Amino acid sequence: MADTDDQPDDVNFPEIVAQEMVAEQRQQVRQQRAQAASQPEITEENFELHEAALIFNHLRQRIKQFEANLGESEEIGLQLANFGLAAQLHIRAISYQNPNLIEFHGLDPKGHKVTLIQHIDQLNFMLVAVKPIKKEPYRVGFLEDVNENAKT
């Protein structure tokens, strides 16, 4: 019986996938180190003043990881369940305001602009793959501290 696979018999796909995952993790560590170098030093005395920034940076990494696994015809969405019903948000940008607010900017399923402002103690959502509202899928933008941006 002829081999209908176009792949050579000597290719070990699990090994290739594992190598790609290790390379991706190394790249993420390099990015995290570069980000950490550009952040102000956080100490016990000023930790509470920078909590939103820490959570923002964690969300940035998680969202980038999630987006990396999306199909070409998908974009990232938030599935919320805090309002007595399940709400969905197509994320366009995320920002924060120290010490304790994270803001999600985007569109509802009908294309209306929305902003969700959440206290860091109340963050509770699922990242979901959604079909884009427009033809091309959107990738999330990240805005630094809203207060810092307003000063410049």
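Reminder that position 104 of the sequence shown reads as 103 in numbering that gives the first Met the number 0, one-by-one numbering, no gaps. Ideal placement from N, C-alpha and C gives every residue a C-beta, glycine not left out. This structure is a prediction, so every number in the text was calculated from the model and none was measured.
Burial state of Pro-136 is buried, judged by a 10 Å Cβ sphere holding 16 or more other Cβ atoms. For secondary structure counted as the beta strand (DSSP E) over 3 or more consecutive residues, the region 111-136 holds these complete runs in sequence order: 112-118 and 124-129. Per the coordinates, the alpha-carbon of Ala-51 lies some 31 angstroms from the alpha-carbon of Ser-72. In this chain, the alpha helix (DSSP H) harbouring Arg-59 covers 50-67. Taking the C-beta atoms as reference points, Gln-78 is found nearer than 7 angstroms to Val-127. With a beta-carbon spacing of about 5 angstroms, Ile-75 and Ile-90 fall inside the 8 angstroms limit used to define contacts. For the pair Phe-141 and Ile-101, the CB atoms are not nearer than the 7 angstroms cut-off.
Bridge pairing for Gln-96: Leu-100 [DSSP]. According to DSSP, residue pairing for Glu-74 in a beta bridge involves Val-129. Beta-bridge annotation (DSSP): Leu-88 is paired with Leu-77. Distance from the Cα of Gln-117 is smallest, within the candidate group His-111, His-104, Ala-22 and Pro-131, for His-104.
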